[in-house]
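Just so you know, the numbering used here puts 91 at position 91 of the sequence shown, and the rest follows in order with no gaps.
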Amino acid sequence: MNKHGLVIIAIFLGGALGTLFRYFINMQVVDLLFPLGTVMENIAGSFLLGALTAYILVKKVNPIIKEGLGVGFCGGFTTMSTLAADTVFLSTESSMISLVIYITLSLFGGITAAYLGMGLSTVMLKKAVKAGDIE
Numbered sequence: 001m002n003k004h005g006l007v008i009i010a011i012f013l014g015g016a017l018g019t020l021f022r023y024f025i026n027m028q029v030v031d032l033l034f035p036l037g038t039v040m041e042n043i044a045g046s047f048l049l050g051a052l053t054a055y056i057l058v059k060k061v062n063p064i065i066k067e068g069l070g071v072g073f074c075g076g077f078t079t080m081s082t083l084a085a086d087t088v089f090l091s092t093e094s095s096m097i098s099l100v101i102y103i104t105l106s107l108f109g110g111i112t113a114a115y116l117g118m119g120l121s122t123v124m125l126k127k128a129v130k131a132g133d134i135e
């Protein structure tokens, strides 16, 4: 099998794992005023994708790993379609305050988490390079 085929398999497997993680979190988290599980998943996934991006900028990563974790796992774990569907549901079935809190936490929380993930990984990677732990 060629490298492109292996990348596709890695994305498939990563996506399946990310989706299962998302499902298990949703089964464990109680929704309060809004779908808390979705917010948590999107923020955690944004952090992970930010950390992965920082790592890739410093260290050459095999495309199979990069795409399997980034497109696959993070893509399956986070979900824009659920964010959109939950927003529509909250706009018709819940209070305006729940809707505003949900959208604000989802968007700003995700963006902030991505920056934090990237920043933290950059600091850790620089220390590891300086210490000679990685090239």
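Even glycine gets a Cβ: it sits at the ideal position worked out from N, Cα and C.
Contact under 8 Å by Cβ, residue i with residue j
{"i": "G110", "j": "N42", "result": "yes"}
{"i": "S91", "j": "L99", "result": "yes"}
{"i": "T78", "j": "G45", "result": "yes"}
{"i": "V30", "j": "L125", "result": "no"}
{"i": "M40", "j": "I25", "result": "yes"}
Buried/exposed call for residue i, threshold 16 Cβ in 10 Å
{"i": "E135", "result": "exposed"}
{"i": "G68", "result": "buried"}
{"i": "F108", "result": "exposed"}
Residue i versus residue j: straight-line alpha-carbon distance, rounded
{"i": "V88", "j": "I97", "result": "14 Å"}
{"i": "S121", "j": "I103", "result": "27 Å"}
{"i": "G75", "j": "T19", "result": "8 Å"}
{"i": "Y55", "j": "L36", "result": "29 Å"}
{"i": "T53", "j": "V61", "result": "10 Å"}
Residue i - DSSP class collapsed to helix/strand/coil
{"i": "D31", "result": "coil"}
{"i": "E41", "result": "helix"}
{"i": "I9", "result": "helix"}
{"i": "S94", "result": "coil"}
{"i": "K127", "result": "helix"}
{"i": "T78", "result": "coil"}
{"i": "G110", "result": "helix"}
{"i": "G132", "result": "coil"}
Whole-number beta carbon distance between residue j and residue i, since they are thought to touch under 8 Å
{"i": "I101", "j": "L33", "result": "6 Å"}
{"i": "P63", "j": "V7", "result": "6 Å"}
Any non-hydrogen atom of the ligand MN within 7 Å of residue i CB
{"i": "N62", "result": "Within the structure as shown, the ligand MN is missing, as the structure has no ligands at all."}
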